[in-house]
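So for the sequence shown, the working numbering puts the first residue at 15; every next one is plus one.
By construction, the Cβ of each residue, glycine as well, lies at the ideal position given by its N, Cα and C atoms.
Before any comments, here is the structure.
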Amino acid sequence: MRNIIIFSLALTLGVGVCGADSGDTVFVNYGTTSTLDGVILPGEWDDASTVTFFGYGGITITSYFKHNGVDTLYIAQDVPDLNHGDQALLWFDTAHNGGATPQTDDYRLSGYYIDFPGFDGEVQGTGSSWGGWIDPSGWISASTGIGWSDDHGQIEFAISFSKLGISPGVPGALGFMVGFGDNPDEADWWRYPSGGGHTNPSSWADIVSSDNWMSINDKTDIKPINLTLTAYPNPFNSSCIITAPTGAEIEIYDITGSRVWGLGSCSSPAQTNGVDEGGRPYTLNPIPCSVIWTPGQSIASGIYLVKARTSDGRIVSRKVAYLK
């Protein structure tokens, strides 16, 4: 669909609903199989999605994401080193059920470089906290670090679909957070999303596949659903028109994370399916649908987050300002 990562920053919500609620979404697309050698070679990750975040002192950390459409998710990190104790961290909420504490479906995968190149570590949630170290299973990492005083470290992960509960061709989202630790003090860990808490899965981002975790060779010729989400007028003082992808669930939250309005499914004319002159199946997606939100008397003026979730798990969000 595209070779970029799409995300929205700044507003982190602790919403008490299923899934991750930071408002950030990572779309992972199909790409070539990477060589797991701990080196991000020129061209090797050009077909990957990317996200950048900042560590201590303003260093820029770049993470890469892609899958092989069969059985493996690949993630890499390129990290300018600061000091020592460096580790790349991946958090997964495999059931996508959020929660204020790590559950048994939650995992933290740690790959070390500089201090302990080649050392992998894993912990699993207990329901109330993180458990102790366990032997890694279903994933491996490879890393390179040039020394304690140099400025660069790179690491590559290969994580099996079975570890994450992913099935090729089946839409699905997981809770996800990526981070980097510059020393054993958790206060010096730097993360995407920026407001994610390592013991709070509900504050993590969503990670989904832009092509349902399939190889492009396994897909029919489907035109992508328009993921545009608009609100007009914005700001507004009476009502606003929300235009969202057809069939999407629409929810609106205040800045405390409380849900103030929702619509189960935004309807518009149905999809059109057919076969082109070359005998290939196609789908023409309908136009986006529109609904009118008129806040009730109990709704205060302020900033609200409109979130639309499509049937295949993709999420798009937008902030609106309500002025009574």
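Spatial neighbours of residue i in its chain, beta-carbon cut-off 7 Å, leaving aside the 5 residues before and after
i	result
S142	T115
S22	Caution applies to S22, whose pLDDT of 29 falls short of 50 and renders its modelled position unreliable; the model cannot decide the point.
G125	Q101, A102, D134, S155, S157, I169, F171
S279	G261, E263
D61	N17, G45, T46, K80
G113	P215, S216
T85	Looking at the sequence shown, residue 85 is not Thr but Asp. Here the set comprises S174, F175.
Closest residue to residue i among the options (Cα-Cα distance)
i	options	result
P215	S315, T118, S48, A102	T118
G83	L178, H110, G72, T46	T46
N43	S325, D149, W227, R332	W227
L123	Q101, N111, T140, G278	Q101
I73	W144, D92, F41	D92
S48	V65, T64, I89	I89
V192	G310, V320, S217	S217
G276	V320, P259, Q311	V320
G69	A314, S229, G195, T213	G195
P302	P309, P259, G271, E265	P259
S229	G183, G209, R273, T270	G183
Contacts around residue i, its chain only, beta-carbon distance under 6 Å, and the 5 residues preceding and following it disregarded
i	result
F67	I75, Y206
D51	A156
V31	Legend: pLDDT at V31 = 34, less than 50; position of this residue unreliable, no value from coordinates given.
I180	W227
S315	Y336, L337, K338
Supposed close pair residue i, residue j - CB separation, criterion 8 Å
i	j	result
S262	V334	Inspection of the sequence shows that residue 262 is occupied by Ala rather than by Ser. Not confirmed; about 16 Å, so no contact.
G257	S224	According to the sequence displayed, residue 257 carries Thr and not Gly. That belief does not hold up - the Cβ atoms of T257 and S224 are roughly 21 Å apart, past 8 Å.
L87	I173	5 Å
G167	T158	7 Å
W307	C254	6 Å
W105	F190	7 Å
W144	K177	Rounded, the Cβ-Cβ distance is 17 Å, inconsistent with contact.
K338	N248	Not quite, the Cβ-Cβ distance comes to about 15 Å (not below 8 Å), so this is no contact.
T108	Y121	7 Å
Y267	Y318	7 Å
Same chain, Cβ closer than 8 Å to residue i, neighbours up to 5 away in sequence not counted
i	result
G327	P185, G186, A187, D220, V222
S151	E136, K177
I148	E136, V137, Q138
S325	P185, G261, A262
I54	Y78, A90, D92, Q168, E170
Terminal residues of the beta strand (DSSP E) in which residue i lies
i	result
A258	254-258
F106	101-107
A335	329-336
L188	187-195
C303	303-307
F67	63-68
E265	263-267
W275	273-277
T86	86-93
T242	Looking at the DSSP string, T242 is not in any beta strand (DSSP E), and its letter there is neither H nor E.
I317	316-323
Y126	120-126
D220	219-223
S312	That residue, S312, is in no beta strand (DSSP E); it is neither H nor E in DSSP.
T76	74-81
F339	The first residue shown for the chain is 15 and the last is 338, placing residue 339 beyond what the model contains.
Min CB distance residue i to chain D below 8 Å
i	result
S48	Here there is only one protein chain, and chain D is not present.
Every unbroken alpha helix (DSSP H) within the stretch 132-185, with a cutoff of 4 residues, ordered by chain: Positions of the alpha helix (DSSP H) runs, each at least 4 residues long and wholly inside the stretch 132-185, are given as 175-178 in order along the chain.
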